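Below is one structure, written out as structure tokens; the observations come after it.
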Amino acid sequence: MRALAAVGLDGAAERRAAQCSHGMRRRAEFARVLLSPPTLLLLDEPHSALDADAAALVNEMALQVTERAGGVVIASHDRERVHEMTNRTVELSGGTLVS
30 MRALAAVGLD GAAERRAAQC SHGMRRRAEF ARVLLSPPTL LLLDEPHSAL DADAAALVNE
90 MALQVTERAG GVVIASHDRE RVHEMTNRTV ELSGGTLVS
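First residue of the sequence shown? That's 30 in the working numbering, and the numbers climb one at a time after it.
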């Protein structure tokens with residue numbers, strides 16, 4: 030229950046996934062990460078279709094993983110947001126490393 034509360038889903042613990050919005054299902058994924066912190070977190074367009082609170086959760090989750098000596102790999106078109114939450118970026122264009 031603490032993981033659900035941490036991602037703002039404490040009131041939805043009894044709901045089936047089919048009854049949850051897309052945003053709620055994404056938050057449930059974040060709760061799973063909090064329950065069993067990975068050593069490597071792979072995120073594909075992690076901020077896509079999220080409100081500001083949920084986007085902040087993504088950033089916090091990534092920070093927690095790195096603070097536990099883990100790594101985070103992010104695939105995103107949102108350069109600005111990725112630069113805000115990382116200390117190193119690699120940019121690919123057409124399958125070629127450009128930076």
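C-beta: ideal position from N, C-alpha, C; glycine also.
None of the values given here were measured: they were computed from a predicted structure.
Checklist entry - Just checking, does the segment 84 to 102 make contact with the segment 56 to 70 on the three C-beta pairs under 8 Å criterion? => result Contact between the segment 84 to 102 and the segment 56 to 70 is present, with at least three C-beta pairs closer than 8 Å.
Checklist entry - In or out: Pro-67 buried (at least 16 other Cβ within 10 Å) or exposed? => result exposed
Checklist entry - Nearest CA to the CA of Ala-35: which residue from Gly-52, Glu-43, Gln-48, Arg-56? => result Arg-56
Checklist entry - What are the boundary residues of the alpha helix (DSSP H) that Ala-46 is part of? => result Here Ala-46 belongs to no alpha helix (DSSP H), and DSSP marks it neither H nor E.
Checklist entry - Who are Gly-100's beta bridge partners in DSSP? => result Answer by DSSP bridge pairing, in chain order: Leu-69.
Item to check | Spatial neighbours of Ser-80 in its chain, beta-carbon cut-off 8 Å, leaving aside the 5 residues before and after | outcome: Sequence check: residue 80 is Asp here, not Ser. Gly-52, listed in sequence order.
Checklist entry - From what residue to what residue does the alpha helix (DSSP H) around Ala-57 run? => result 51 to 64
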